[in-house]
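Read in order, the letters of the sequence shown correspond to residues 714 to 775 in this note's numbering. From the three backbone atoms N, C-alpha and C, an ideal C-beta is built for every residue, glycine too. To start, the structure itself, in structure tokens.
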Amino acid sequence: MDGEAVRIPYWLAPGQRIVLLTVFRKTRMREAAEVERAHQAQKVCEAEHGHAQYTYERRKES
């Protein structure tokens, strides 16, 4: 993201899934429009998308 701080809102979905909702630049103030966009993305995800088709795992290196 070009070295800029960003916020990545996520939803802890059923079945031990994490769903990334959107991305926006981090600011000191809480951006109401960006938070609302994340809430809308979650609603769409819950209503319209099926179950996850891919599982991404990070394994601990020895």
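Under DSSP, V719 takes part in a beta bridge, and its partners are R738.
For the pair V732 and I721, the CB atoms are not nearer than the 8 Å cut-off. Here R730 is bridged, per DSSP, to A726. Exposure of A745 is indicated by the presence of fewer than 16 other C-beta atoms within 10 angstroms of its C-beta. Rounded to whole angstroms, the gap between the alpha carbons of G763 and V748 is 23 Å.
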